[in-house]
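See structure below.
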Amino acid sequence: MSAGAGLTAAVKEIEQHAAGAGWDQPARLFALVETARLVEREPQLAATVGDGGLTPVEQEGLASGRPLEDQLPGITWPQAVHGCAALVERVVLPPEVEAALPDDPEQAASYAAEHPERQEVRIVAAATRDGDSWCAMRLRAHDDDALVLTGPDLAPGLLGLVRGTLEESGDE
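Add 32 to the 1-based position in the sequence shown for this note's numbering, that's all there is to it.
Here it is in structure tokens:
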């Protein structure tokens, strides 16, 4: 699926904000709200949120020391939230190396962190209730705004978890 301009802009804004903070940051979660609806409810924000289609609102309360991927299945959003974006930093390995990962999670993490072919990446994965998705991926080894990869499905596993938070919603 192709992402709307509002979703693409929100992902870019989140990625640029994270890039400005540098590497080795904790995972973050963002509600994506329609800017017009946000300004309608909070008029004093009009000057700071611009006129984009979606505004990312960072969420607090994530459990530190627990992977975001483990927390996402327990998260739901009220209908006022049009979408969701997750930001994580991870170590990735080439597919042929992943088969050699130890079964023990701690040993696997150590193996990946020390492997010479590892790549450190920052991923922003976002989805909306209407089915659009968009991702951005920055490699630490190529930390340049011009080299940020983007596309609708760069992180399918993380996107699935993000989409899952939008399936059931709480009250407004």
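Using N, Cα and C, we set each Cβ at its ideal position, and we do this for glycine too.
Given the structure is predicted, the values throughout are model-derived calculations rather than measurements.
Across which residues does DSSP place residue i in a beta bridge pair?
i, result
"residue 121", "154"
"residue 115", "64, 160"
On the DSSP letters alone, give me the boundaries of the beta strand (DSSP E) that residue i sits inside.
i, result
"residue 90", "86 to 90"
"residue 100", "Note, residue 100: premise wrong, no beta strand (DSSP E); alpha helix (DSSP H) at 100 to 103."
"residue 170", "165 to 171"
Grouping DSSP H, G and I as helix and E and B as strand, with all else coil, what is residue i?
i, result
"residue 65", "strand"
"residue 126", "coil"
"residue 36", "coil"
"residue 95", "coil"
"residue 179", "helix"
"residue 133", "coil"
"residue 187", "coil"
"residue 174", "helix"
"residue 74", "coil"
"residue 41", "helix"
"residue 145", "helix"
"residue 57", "coil"
"residue 196", "helix"
Once you ignore the five residues that flank residue i on each side, which residues in its own chain have a CB closer than 7 angstroms to its CB?
i, result
"residue 122", "153, 155"
"residue 40", "166"
"residue 195", "159"
Looking at chain C, is there any beta carbon in it that lies within less than 7 angstroms of the beta carbon of residue i?
i, result
"residue 118", "Chain labels in this structure do not include chain C; a single protein chain is all it has."
For residue i, I'd like the list of residues in its chain whose CB is within less than 8 angstroms of its CB, leaving aside the five on either flank, ordered along the chain.
i, result
"residue 242", "Here the chain covers residues 33 to 204 and nothing more, so residue 242 does not appear."
"residue 179", "170, 171"
Return the chain-ordered list of same chain residues with a C-beta closer than 6 angstroms to the C-beta of residue i, the five sequence neighbours on each side being excluded.
i, result
"residue 44", "none"
Give a yes or no on contact between the region 66 to 77 and the region 153 to 173, applying the rule of three or more CB pairs nearer than 8 angstroms.
They do not touch, by the three-pair rule.
May I ask you to verify whether the region 57 to 67 touches the region 89 to 101, counting CB pairs closer than 8 angstroms and requiring at least 3?
Segments in contact, yes.
So does the region 125 to 141 actually touch the region 164 to 171, counting three or more Cβ pairs closer than 8 angstroms?
Segments in contact, no.
Counting pairs of beta carbons, one from the region 86 to 96 and one from the region 64 to 75, are three or more of them closer than 8 angstroms?
Counting Cβ pairs under 8 angstroms, three or more are found: they touch.
Say whether the region 187 to 197 touches the region 138 to 151, bearing in mind that this needs 3 or more beta-carbon pairs closer than 8 angstroms, one atom from each stretch.
With a cut-off of 8 angstroms, the region 138 to 151 and the region 187 to 197 do not count as touching, because too few Cβ pairs lie within range.
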